[in-house]
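Here the protein sequences line up with chains A and B, keeping their order. If you read the first sequence in our numbering, its first letter stands for residue 1, the second for the next number, and so on. If you read the second sequence in our numbering, its first letter stands for residue 1, the second for the next number, and so on. Backbone N, C-alpha and C define an ideal beta-carbon position, used for all residues, glycine too. This one's a predicted model, so the numbers in the text were calculated from it and none came from an experiment. Below is one structure, written out as C-alpha cells, with a few remarks after it.
Number of protein chains: 2
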Amino acid sequence: MDFIAATYRLTCSAADVERLSHDIALEQTVEVPDALIACSDLREAVVGRVGSISAVRSPSGPGSSEQFDVRIDYPADLATGLGALINLIYGNISLKQRIRLRDLQLPDSVLRTFRGPNLGIEGLRQTLGVYGRPLLATALKPRGSTPEHLANRANQFAAGGGDLVKDDHNLIDASFEAFRERVSLCQQATIAGSQESGRPCLYFPNLAGPTGELERRAELLVRLGVRGVLIAPLIVGLDHVRHLADRFPLAFMAHPTFAGAYFHDATHGVEPGLLLGTLFRLAGCDATIYPNLGGRFSFTADDCRQIDRLARAPLGNLRSAWPSPAGGMSYDNLEQMAKDCGEDSIFLIGGALLGDSADLKSSTARFRDQIAALFPASKSIAPSFNEVVSACELPAPRLTQRLLEHLRFVNSFHWDGREPVAYKASDELPFRNVSRTELIGTAGEQTAFDLRYFEIGTGGHSSLEKHAHTHVVIGVRGAGKLISGENGIDIKPFDVAYVPPLQVHQLTNESSEPFGFFCIVNHDRDRPQKP
Amino acid sequence: MDFIAATYRLTCSAADVERLSHDIALEQTVEVPDALIACSDLREAVVGRVGSISAVRSPSGPGSSEQFDVRIDYPADLATGLGALINLIYGNISLKQRIRLRDLQLPDSVLRTFRGPNLGIEGLRQTLGVYGRPLLATALKPRGSTPEHLANRANQFAAGGGDLVKDDHNLIDASFEAFRERVSLCQQATIAGSQESGRPCLYFPNLAGPTGELERRAELLVRLGVRGVLIAPLIVGLDHVRHLADRFPLAFMAHPTFAGAYFHDATHGVEPGLLLGTLFRLAGCDATIYPNLGGRFSFTADDCRQIDRLARAPLGNLRSAWPSPAGGMSYDNLEQMAKDCGEDSIFLIGGALLGDSADLKSSTARFRDQIAALFPASKSIAPSFNEVVSACELPAPRLTQRLLEHLRFVNSFHWDGREPVAYKASDELPFRNVSRTELIGTAGEQTAFDLRYFEIGTGGHSSLEKHAHTHVVIGVRGAGKLISGENGIDIKPFDVAYVPPLQVHQLTNESSEPFGFFCIVNHDRDRPQKP
C-alpha cells in the first residue's frame, strides 16, 4: 500500500503532542473519534497513521510551548484528485491552531495522476528559443489604462527584447468582448514588437473572469496564437487550474493573490514552497510568481529559496516550473538576483523598468543585455511550431451571421441565412476541395457545441490531423470515407461516426458526387495538430 | 459613482497608519506607486481612497503596536465578478502582515450582479415544509464505509424524522460511476426513510471531484431528484460555486475546509462572518457550516454569532442563508444552542446522535422531538413541485450502450448498436407517441453535447416545456411543427431550428407519416419545467 507522507510542525507541549498527532490523523481521514471506527479493515485502509514525531530545537517563539515535526502517513488512494489531496493534507485542520504543513512526499501512484505543467522550463525555453539565462518579464498596468496604452507598453517591451509580458493580475475584463478587444490588441502589439526586435516575446493575458466564461476566453487565446496565461489559483481554485491546463495547450503562470493567509504566521498554514511550488505544479502551473525579498511584501530569503527549489525539484515525471520573483528588483541588484535565483527563473520587473528611463524599449534592452551579460553561456535558437492549417478551424472571411431560430433548407444543401465558406485551391494547404457552412454556434447561440455542414468535392479531403476535442459526424449527402486511427469507415447518409480525443483522422471523397456531412464539435475546443 | 467600502484593522504604529492605509488603496487597485499614475482621470476612476481612519482602544496584544480601523472606498465597477471582488478586497494584501478585513459594504450596483442562494432560508423551508424551528441535520461518515452502510444511515436518520442528511466532506468518489452508485443508493434510502416517517428528509451529496466532472455530477443529482449539495468553496473556488449555483436549481451547503488560515490570527486574514457568511452568500451558498463553540475547533462565541448574523443579514435582494453550527452539540445543550442560534439555523449533529443510542432512528427522533419542543410554534406543511415529465429527459429503462465509433444507419431510421426508447401511451404523461434514440453522449463519448434521434408518430407531440438549455433540431424524416414561443415553425428534412433559453416549446406531428429529427443539446443541462 502506498502512502502520502505529510509532515506538520506542531507548536504544543510535549505532553500533548501524541494525542494531537493522532487527532490530525483521524480528523483528516475519517473525521470521527477512534471509538466509532467499527471495523479494523476500515482503520487499515482509510485512517491516517502517525509515522514519526521528533522534537524541534527550542524555538525563538514566546511562552512555554515547544515544537515537534510530526509525519502522518495517509493511504494514497484517498487522494482521488487535487481537491481531495488538498482536503486531505490541510482541510479541516486549517481550522485548528498551531499546525503548519512543512513537507509533502507523494508516491508515484499519486504523481502519475497529474500531468503537471504543459511546457515547464524546457518547453517555454523551446517556445522562446532562449537558453542558459533567466527570462525578463514585465506586467501591463495599471488597471484603468486604455487597451491602446497597454498594447503600446507590450509593444515597447517586446521591441526592446523582453521575453515575456503578462497582464497585471487585476486586469479583469467585465465582458468577453472587452477581453477580446484588449488581448487581441496586446497580442498583435507584442508580435509587432517581436518582429521589430527579431526575437520572440510572449504575451500572457490574465485568464480571469466569470467561471463559465474561462474556457471560452482560453479558447479565444489559443486561436489568437497566445502561448500562455496568468492565473490566480487561490481565486480560481487549484483543481480548476489543473482542469484548464489539461484542456488548453498553454503555459500557466500562477499569481499568489489571496494566498497570503497561508504563510503569514510561521506556526500555522502551509510552507510557501509547498503551496506556490509543489501544489501549484500539480495544478499545472508552468511558472509561479512570488513576492521577492526586498519588495513590498514580507517573504524571507528562506521562503524565496524554498519556492525556487520546490518549483524545480524532481516531482515524478512532472515538468519543472519557473520560479518568478517579483518586486524588489533594480538594475543594480540583477547580479545578486542572478546568484540567488539562478538561470532557470523569470525576473518579473515592473516599476524598476519604468523608473529606469521614460523609454520602456531602451530600458528593457538595457536590463536584457545585463541579464545576458551575467550569463555568458546563454544563447538563442529559433523556435518551431507544430500546428496544422485545418479547414475545420480556418476563420471564414467576414463571417458575420445573425442568430436565426429557423434555418430553412433550400436546395442542394444550402440554408437560408447561411453562406458556405470555400477556400481557394492551393498546394500549400493540407486540405482540398472542402467547403464549410457554420449553422449553429457562431452567431451567439447559447450552445456548448457548434453545428457545421461540410461538403467535400470529388477527389477532395480534409487535413490529416488530431486534437483533444472529439468530432461527431452525420452523413447526409453522397458517400465518403473517414480515416480514423486504424479504421477506414464508409460514411453514408445518416451514418453517425465518433472520433475520440487525439485520434488522427481525415475525411475523403473518392466518389463522383459531392460528399456532405454534419459535423458537431464542442464550442470550446483546442487547435488541430499535425499527427 | 458607487463605492465598495472595505474596513481593515491594521496593527501598526500611529506614525505609520496613514502611509499604510494609502499603500493598501494603491496595492489593491493599480498596484503601482502614486508617482506612476500619470493622469488624474485614472486616479479618479480606479484608485481606492482612504475613507476614514479611527484608532481602536488599546488592544490586549503584545508590544508597542496599536490598532486602527481603516476604511478604503473602492470604485464599485472594479468588482466585475466574485473573483475580481475577492482580489480587490483581500488579494495582494493577504501577503502583507497585520491587515485584517473587518467589514464590507457593497452598493446595490454590485449586489444586483449576484443571484445569491437559490433557495435560502425561505426556499429550503418550503421544500421541507418545516417552519419555526432549526433543522436537524447529520453527516454520512466515515469515509471508507460501503455505499450500503452510508445509505442505511441516511435511511435511519430520515425514518427518525431528521430534516437533512449530508455527505461527509471527505467522501469524494474517484469516478463518476462510483459517485452515481453511491448517491443513487443514499438518495433512494433517504426517500424510503422519508416515506416511513411521513416527513420529507433531504439528502445533500458532496459535490466534489475533478473540476471537469462537477457539472456532470450536478446534472445527475438534478435528475435523481436531489435538492441540494455540500460544497467546499475554498477548494472549488468561490466563483466556481457561484457558477454552479447559477446553473443548477440546487441548494448549496458550504463546508469551511481549507478556510482556517484566514481566521486563526485576529490581526490577519478575514473575519469568519465575512468569508463564511457574506462572501459565501454571494457565491450562492444557501447554508454555511462552521465549527461550533465547544467542538474540536477554536472559534469564539463572537465568531459564531457573527457568522449567524451575516448569513442572515439583509444583503441587497439576496436570499438569507442558514448558519449551520457543527460539532460540540449534545442532547443536553440543545436548549442553549436554540437560544444562541435561533430558529433559522441548521444543527449539524454527528457524533452526539450516534453516541446517544446504538439506534440512529430512535436517537434522531429524540433529538428532533426535543428541537420541536423548544420551538412550540413550529409547524410542518407539505411542499410542492413544478417539474414536468419530459420525453426528452425521462431515463430509459436499462439504457446501457457501448461507445461505438461508427453507428451504421440501417433502415427506417434505426442505427446498429442503438435501441430506440418508446414509452407506453398514458393519459398521465404530458407527451404522446414519442420515441427517442440516444446516439452520442450517453455511452461515455467525450462531448459537451448529446445527439439524439426523436420520432413522433401521427398525432403525437412532445411535452410543452421550457428550460435554460437550448435545443438544436435538424429535420430528417417526414414533416412536423415546432411551436417555439410565438412561432410555429414547419420542419422539413435538413431544416435546422434553434430554441433559445427558457423559450416555451413543443414539437408536434399532424401528418400521416412519422416525423423524425435529430436533437442536439448540451450534455450538462437543467431539467425541463412547466411553462
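Span separating the alpha-carbon of residue i from that of residue j
i      : j      : result
E66/A  : R9/A   : 10 Å
F114/A : A84/A  : 13 Å
L523/B : P249/B : Per the sequence presented here, residue 523/B reads as His, with Leu not at that position. Using only the alpha carbons, I get a separation of about 16 Å.
P323/B : I346/B : 6 Å
P397/B : A443/B : Caution applies to P397/B, whose pLDDT of 44 falls short of 50 and renders its modelled position unreliable; the value that the coordinates give is listed next. C-alpha separation (whole angstroms): 15 Å.
G228/B : F204/B : 5 Å
G161/A : S462/A : 39 Å
D340/A : R57/A  : 28 Å
E44/B  : I4/B   : 14 Å
K492/A : G480/A : 7 Å
S109/A : D286/A : 22 Å
L95/B  : A261/A : 7 Å
Q126/B : G225/B : 16 Å
L399/B : G316/A : Here L399/B scores only 49 on pLDDT, less than 50, and its place in the model should not be relied on; the value that follows carries that caveat. The straight-line gap from Cα to Cα measures roughly 40 Å.
I520/B : D356/A : 58 Å
A55/B  : A266/A : 28 Å
Nearest residue (CA-CA) to residue i, options the options
i      : options                        : result
D23/B  : D163/B, A15/B, P33/B           : P33/B
N87/A  : N317/A, M337/A, Q506/A, E27/A  : E27/A
E122/A : S175/A, R319/A, D450/A, T146/A : R319/A
A76/A  : L111/A, L403/A, M253/A, L95/A  : L111/A
I89/B  : L274/B, A158/B, S194/B         : L274/B
L106/A : D73/A, A373/A, N92/A           : D73/A
G351/B : D302/B, M337/B, R296/B         : R296/B
R216/B : N92/B, L78/B, R180/B           : R180/B
T458/A : L451/A, Y498/A, P501/A, N509/A : N509/A
F494/B : T288/B, V504/B, I474/B, L150/B : I474/B
L220/A : I231/A, L207/A, T211/A         : L207/A
L403/B : D359/B, D450/B, S363/B, N411/B : D450/B
One or two residues paired with residue i in a DSSP bridge
i      : result
R19/A  : None; R19/A has no bridge partner.
A422/A : S435/A
V499/B : H471/B
V70/B  : Y8/B, I53/B
D450/B : V521/B
L230/B : N206/B, M253/B
P481/A : Note that residue 481/A is Lys in the sequence shown, not Pro. According to DSSP, K481/A bridges with D490/A, T508/A.
I99/B  : L10/B
I456/B : V434/B, F515/B
F3/B   : P75/B
I235/B : I235/B pairs with nothing; no bridge assigned.
T138/B : V165/B
Nonlocal neighbours in the same chain, by C-beta distance under 6 Å from residue i, ignoring five residues either side
i      : result
T7/A   : D69, R71, R102, D103
I235/A : F258
L135/A : D163, L164, I346
I381/A : G129
R432/B : G460, H461
L119/B : A251, D286
Residues near residue i in its chain [Cβ-Cβ closer than 7 Å; skip 5 each side]
i      : result
Y453/A : F413, T437, L439, G516, F518
P200/A : L128, G129, S194, P383
R133/A : E343, I371, A372, F375, S378
F409/B : W415
G328/B : N292, L293, G294, G295
L310/B : G273, L274, G277, T278
Cβ neighbours of residue i in the same chain (closer than 8 Å, five flanking residues each side left out)
i      : result
F385/B : Confidence at F385/B is low in this model, with a pLDDT of 38, below 50, so its placement is unreliable and the value that follows should be read with caution. Nothing listed; no residue qualifies.
E387/B : Because E387/B sits at a pLDDT of 47, beneath the cut-off of 50, its placement in the model cannot be relied upon, and the following sentence gives the value as read from the coordinates. R527, P528, Q529, K530.
Cβ-heavy atom distance, residue i to the ligand ATP, below 7 Å
i      : result
V521/B : Absent from the structure shown: the ligand ATP. Ligands present: none.
Please specify which runs of the alpha helix (DSSP H), each continuous and at least 4 residues long, are wholly inside the region 299–359 of chain B, giving them in chain order. 301–312, 334–341, 351–356
To test your reading of the DSSP string, which unbroken beta strand (DSSP E) runs of 3 or more residues are found completely within the region 258–297 of chain A? 287–291
Ordered list of beta strand (DSSP E) runs contained in the region 156–190 of chain B, each at least 3 residues: 164–167
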